[in-house]
Every structure is written in structure tokens, then in C-alpha cells.
Amino acid sequence: MKNIISIALVDDHTIVRNGLKSLIEVMGDYKVTSQHDNGWAFTKAIAGVPEPDLVIMDMNMPEMNGLETMRWVREHRPSLKVLILTLSTDEKTIIELFRFGVRGYLPKNCTADILKKAIDDTISTGYYHSEMLQNALASGAGKAEETKTILDRITDRELLFIRLICDEREYTYEQVKDIMNVHRRTVDGYRESLFEKFNIKSKTGLVLFAIKHGLVTI
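Letter by letter, the sequence shown follows residues 5 to 222 in the working numbering.
Have a look at this one:
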């Protein structure tokens with residue numbers, strides 16, 4: 005007997021959900037077992053019932069969008085595997101998605117082959133690593149040695165600064181100053197030093213650099 009993969013769809017457009025359902029169920033041993041208009045409806049429906057094997061969720065929805073729903077998922081159902089559908093593929097959005105436990109994301113203009121790969125990869129390995137995610141958070145041969153080289157170039161205080169900047173609570177530079185108990189100009193000095201050492205141009209770039217090279221984990 006085949007093992008059927010149960011999938012929940014969360015999207016505020018009925019035509020999108022129905023189209024996804026039709027496409028998904030002809031691609032493999034998948035069954036769309038529930039559909040929901042938004043994150044709020046999904047969280048109410050899933051309370052106290054068995055989890056689906058996978059959730060495919062829109063990012064932009066009324067009442068409770070994808071990120072708001074992922075906050076709930078992380079607190080109440082952290083084992084849920086969620087793929088996000090989004091029109092936005094900027095690096096900041098990628099960081100936010102993975103901070104909240106998303107297992108992968110798909111641009112809404114993706115092909116059926118990519119959708120199938122994303123479902124299969126998430127079910128089999130726990131994550132779907134899209135090309136853009138690989139570019140942003142790439143790891144490969146020699147990563148440990150590369151990380152050691154980077155750590156050799158930064159001070160303990162700079163490493164603490166990096167970890168605070170990457171913290172999911174999204175500390176401002178002013179808050180980092182207070183936590184580290186230093187003057188604001190000292191914090192600015194850590195930032196400028198790191199930017200110069202590694203040719204980084206922005207706070208988002210620093211976060212991606214830190215994740216990519218294993219200085220912090222999501």
C-alpha cells in the first residue's frame with residue numbers, strides 16, 4: 005500500500021488553492037486533505053487534530069499572514085513542515101522566513117517540476133533549498149575551514165555583536181549598545197570593522213554572511 009502524503013493548503017484565493025490541489029494530486033502520492041482561507045483559519049482548524057505531512061502557505065493573506073502564522077506554528081506546532089508561496093524573493097524575506105521555521109519557499113511563478121521537487125525534498129530531508137536560498141546560505145566543501153579562518157579574523161566582542169544583530173528579536177544598534185554595555189560609537193566601530201574586513205554593505209548582508217559561514221544558526 006502506497007504511503008499517501010497529506011498536504012494542507014493555506015491561501016486566501018480559492019482559485020489558487022483549487023489549482024494547486026488539482027496540480028499536486030496528479031504529480032505523485034499526494035492528497036490535499038484541507039484548505040484554509042488564511043493563517044487564522046488554519047490555526048483554528050489544526051488545533052487538536054493530527055498534523056498534515058506538509059503545509060503549503062501563501063505569504064500575503066488577510067487576518068493572519070504567512071509570517072504571523074509561522075510565529076504561531078513555531079510556538080504551538082514546531083514539527084510542522086511548511087513551504088511558503090511568495091512573490092517576494094529578497095534576502096531579508098528569506099532570513100525572516102527561516103527564522104520562523106519555514107522549511108522552504110517557492111516563488112509563485114515556479115514550475116510544476118519545481119513544486120514537486122520542493123514537496124519531495126521537504127518530505128524526505130526536512131528542507132527545500134531553492135537556488136536563491138543556496139546562493140544566500142550556501143554551504144559546501146571546506147566550510148569548517150573557511151569558518152575557522154573567519155573566526156580567526158574577528159574578536160570575541162565582534163562575534164557577540166554579530167550574534168546580537170542576527171538574533172530573532174531583531175535588536176536595534178541602540179539595544180545592542182545597551183546589551184553589550186558599551187558606547188554607541190563602539191557598536192558602530194564593530195559594524196564598520198566587520199563591513200570592511202569582509203566587504204559587507206548592509207545589516208542584512210551581515211546576517212546572511214553570518215548564517216552562510218556558520219557563525220550563527222537559524
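Backbone N, C-alpha and C define an ideal beta-carbon position, used for all residues, glycine too.
Sort Cys114, Asp117, His17 and Glu172 by Cα distance to Val220 and report the nearest one.
Glu172
Quick check on the burial criterion: 16 or more other C-beta atoms within 10 angstroms. Buried or exposed for His17?
exposed
For Lys85 and Phe104, I'd like the C-alpha separation in whole angstroms.
11 Å
Where the alpha helix (DSSP H) containing Tyr177 begins and where it ends
Tyr177 to Met184
So Arg188 and Glu178 are in contact, right, with Cβ under 8 Å, and what is the actual spacing, rounded?
7 Å
Environment of Ala145 [buried if 16+ CB atoms lie within 10 Å]
At Ala145 the pLDDT is 41, less than 50, meaning the model places this residue with poor confidence; the figure from the coordinates comes in the next sentence. That one is exposed.
Quick check on the burial criterion: 16 or more other C-beta atoms within 10 angstroms. Buried or exposed for Asp57?
buried
Whole-angstrom C-beta distance between Met61 and Leu89, which should lie under 8 Å
7 Å
Are the segment 42-51 and the segment 64-80 touching by the rule of at least three beta carbon pairs closer than 8 Å?
yes
Sort Lys205, Cys114, Asp125 and His80 by Cα distance to Pro54 and report the nearest one.
His80
Residue from Tyr109, His40, Leu119 and Glu162 whose Cα sits closest to the Cα of Glu196
Glu162
Less than 8 Å between C-beta atoms, sequence neighbours within five positions excluded: which residues of the same chain meet that for Leu198?
Ile158, Glu162, Phe165, Ile166, Ile204 and Leu210
Lys207 versus Asn7 - alpha carbon distance
45 Å
Give the DSSP bridge partners of Asp62, in chain order.
Leu89
Look at Ala116 and Met31 and say whether their C-beta atoms are less than 8 Å apart.
yes
What does a CB cutoff of less than 6 Å around Ser143 pick up in its chain, not counting 5 residues either side in sequence?
Legend: pLDDT at Ser143 = 46, less than 50; position of this residue unreliable, no value from coordinates given.
Give me the residue from Lys216, Tyr131, Lys112 and Glu200 with the minimum Cα distance to Thr170.
One point to set straight first is that residue 170 is Cys, not Thr, in the sequence displayed. It is Lys216 whose Cα lies nearest to the Cα of Cys170.
Mark Ala12 as exposed unless 16 or more other C-beta atoms lie within 10 angstroms of its C-beta, in which case mark it buried.
buried
Is it buried or exposed, Thr129, if we count other Cβ atoms within 10 angstroms and call 16 or more buried?
exposed
What separation, rounded to the nearest whole angstrom, lies between the Cα atoms of Asp124 and Asp160?
41 Å
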